[in-house]
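Worksheet for the structure shown next.
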Amino acid sequence: MRLIDTHNHLDFPDFDADRAAVLSRSRILGVDRQVLAGVHRANWQRVWELACAEPGLYAALGLHPVYLERHHASDLRELGAWLQRLRGDDRLCAIGEFGLDYYLAELDRERQQALFEAQLRLATDMELPVLLHVRRAHAATVATLKRLRPPRAGIVHAFSGSREEAWEYLKLGFRLGLGGAPTWPQANRLRKVVAELPLEAVVLETDAPDMAPAMHPGMRNSPEHLPDICAALAAIMRVEPQVLAEASTRNACELFGWR
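The sequence shown runs contiguously to residue 258 in numbering that gives the first Met the number 0.
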């Protein structure tokens, strides 16, 4: 089984003690490629250095809404400069992680929206797909995507919306990132949505070190858990794990422009 982890944070300090071992174990388990998502200006260099240091690692750079108070106006200009400088380098595969977060009430929605739209415009200018963070903000996200229409679409990371919201994204050409959340038995509503998704809609992810799956409770999540996540989601979707793995890999390669 060959797999692609389309969203993780392998650069986070949680992996400083054993990052090389995690990468080795992941490859042995069939996780051939990983996308490392940048979240604020201070971690872009680390993400990029990792992508350059190891085969099969790719970088996405963005300004995450949860770090809104850390972002400055100059960070958006700097993001544009980074993207322009790296344009054409295959290791840069997307813009992200960015989006809208209405779960945290203290995050100013107008500032989030402005940052969201600015990064969507960068994606259009740079002809890159996007990795979107969306928490309790699907209506606003879909409305913005319909208005701005990034040409290469992207992934709605850690999708947790309704069936209707899923189809709105699919009509816009987006894939839905699925990871540990639907593996939990108590996630009844999400599991019902996942069971109805077509294979061409799905890409697999871990969001490591966060969002550990049910089979690894209370642990640091890791890209090496992706085969277990794949097996659990395949059972929900009523297909063989190999079928889901092949579909996710095919979808990710189409999205990122990989052979």
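Quick reminder that beta carbons are idealized off the backbone N, C-alpha and C, glycines included.
Discussion item. So, for Leu127: in the same chain, excluding its five sequence neighbours on each side, which residues have a beta-carbon less than 7 Å away from its beta-carbon?
Written reply: Mapped onto the sequence shown, residue 127 falls at position 128. Hits under 7 Å: Ala93, Ile94 and Arg151.
Practice prompt. Could you please give the first and the last residue of the uninterrupted beta strand (DSSP E) stretch that includes His137?
Written response: Position 138 of the sequence shown, counting from 1, holds the residue named residue 137. Membership of His137 in any beta strand (DSSP E) is not indicated; the residue belongs instead to the alpha helix (DSSP H) covering His137 to Leu147.
Practice prompt. Give me whichever residues DSSP pairs with His132 in a beta bridge.
Written response: Counted from its first residue, the sequence shown places residue 132 at position 133. Gly98 and His156.
Fill in: Pairwise C-alpha distance: His224 and His70
By 1-based counting over the sequence shown, the position of residue 70 is 71. By 1-based counting over the sequence shown, the position of residue 224 is 225. In this structure, the CA atom of His70 is about 32 Å from the CA atom of His224.
Item to complete: Could you work out which residue in His132, Arg249 and Leu254 is closest to Gly37 when comparing CA atoms only?
Response: Position 38 of the sequence shown, counting from 1, holds the residue named residue 37. Ranking the options by Cα distance to Gly37, first place goes to His132.
Worksheet entry | Contact with chain D by Asn42, beta-carbon distance below 8 Å | Given the protein chain composition of this structure (a single chain), no chain D is represented.
Fill in: Supposed contact pair Val201 and Ser247 - C-beta distance, whole angstroms, cut 8 Å
Translated into positions along the sequence shown, residue 247 becomes position 248. Translated into positions along the sequence shown, residue 201 becomes position 202. Contact between Ser247 and Val201 holds: CB atoms are separated by about 6 Å, below the 8 Å threshold.
Discussion item. So Arg174 and Leu254 are supposed to be a Cβ contact under 8 Å. How far apart are they, rounded?
Written reply: The residue you call residue 174 lines up with position 175 of the sequence shown. The residue you call residue 254 lines up with position 255 of the sequence shown. Rounded to the nearest angstrom, the Cβ distance from Arg174 to Leu254 is 6 Å, consistent with a contact under 8 Å.
Practice prompt. Using beta-carbon positions only, say whether Asp4 and Pro208 come within less than 8 Å of one another.
Written response: Along the sequence shown, one-based indexing puts residue 4 at 5. Along the sequence shown, one-based indexing puts residue 208 at 209. Annotated as distal: Asp4 and Pro208, with beta-carbon spacing of 8 Å or more.
Item to complete: Please work out which residues of its chain come closer than 7 Å, Cβ to Cβ, to Ala186, disregarding the five sequence neighbours upstream and downstream, and give them in chain order.
Response: Locating residue 186 in the sequence shown gives position 187, counting from the first residue. Non-local C-beta neighbours of Ala186 in its own chain, meaning closer than 7 Å and more than five positions away in sequence, comprise Ala180, ordered along the chain.
Worksheet entry | Terminal residues of the beta strand (DSSP E) in which Asp74 lies | In the sequence shown, the residue the question calls residue 74 occupies position 75. Taken as a continuous stretch (DSSP letters only), Asp74 belongs to no beta strand (DSSP E), being part of the alpha helix (DSSP H) at Ala72 to Leu85.
Worksheet item: Which whole-angstrom value describes the C-beta separation of Asp100 and Arg134, a residue pair presumed to lie in contact below a C-beta threshold of 8 Å?
Response: Translated into positions along the sequence shown, residue 100 becomes position 101. Translated into positions along the sequence shown, residue 134 becomes position 135. About 5 Å separates the CB atoms of Asp100 and Arg134; that is less than 8 Å, so the two are in contact.
Worksheet item: Does the distance from the CB of Gly55 to the CB of Asp31 come in under 8 Å?
Response: As a first step, residue 55 is located in the sequence shown; it is residue number 56 there, counting from the start. As a first step, residue 31 is located in the sequence shown; it is residue number 32 there, counting from the start. Here Gly55 is near Asp31, since their CB atoms are less than 8 Å apart.
Worksheet item: Looking at C-alpha atoms only, which residue of Val129, Ala157 and Leu232 is the closest neighbour of Ala58?
Response: Sequence index remark: in the sequence shown, residue 58 carries index 59 (1-based). For the options Val129, Ala157 and Leu232, the alpha carbon positioned closest to that of Ala58 is the one of Val129.
Discussion item. Would you call the stretch 182–198 in contact with the stretch 225–240, where contact means no fewer than 3 C-beta pairs closer than 8 Å?
Written reply: With the cut-off at 8 Å, the stretch 182–198 and the stretch 225–240 touch.
Practice prompt. Can you have a look at Asp15 and say buried or exposed, based on whether 16 or more other CB atoms are within 10 angstroms of its CB?
Written response: As a first step, residue 15 must be located in the sequence shown, where it is residue number 16. A residue is called buried once 16 or more other Cβ atoms fall within 10 Å of its Cβ, and Asp15, having fewer, is exposed.
Worksheet item: How would you write the range of the alpha helix (DSSP H) that Arg190 sits in, first residue to last?
Response: Position 191 of the sequence shown, counted from the first residue, corresponds to residue 190. Start and end: Asn187 to Ala194.
Worksheet entry | Option in Leu91, Thr140 and Tyr102 with minimal Cα separation from Leu114 | Indexing the sequence shown from 1 puts residue 114 at position 115. Of Leu91, Thr140 and Tyr102, the residue nearest in Cα terms is Thr140.
Discussion item. Which complete alpha helix (DSSP H) runs does the stretch 24–80 hold, if anything under 4 residues is left out?
Written reply: Within the stretch 24–80, the complete alpha helix (DSSP H) runs of at least 4 residues are 40–52.
Item to complete: Put His215 into one of helix, strand or coil per three-state DSSP.
Response: In the sequence shown, counting from the first residue as 1, residue 215 sits at position 216. When secondary structure is reduced to three states using DSSP, His215 falls in the coil class, being assigned neither helix nor strand.
Item to complete: Compare the beta carbon distance of Leu28 and Leu78 with 8 Å and say whether it is the shorter of the two.
Response: Indexing the sequence shown from 1 puts residue 28 at position 29. Indexing the sequence shown from 1 puts residue 78 at position 79. Not closer than 8 Å, so no.
Worksheet item: For Leu2, which beta-bridge partners are listed by DSSP?
Response: Along the sequence shown, read from residue 1 onward, the residue named residue 2 stands at position 3. DSSP lists Val30 as partners of Leu2.
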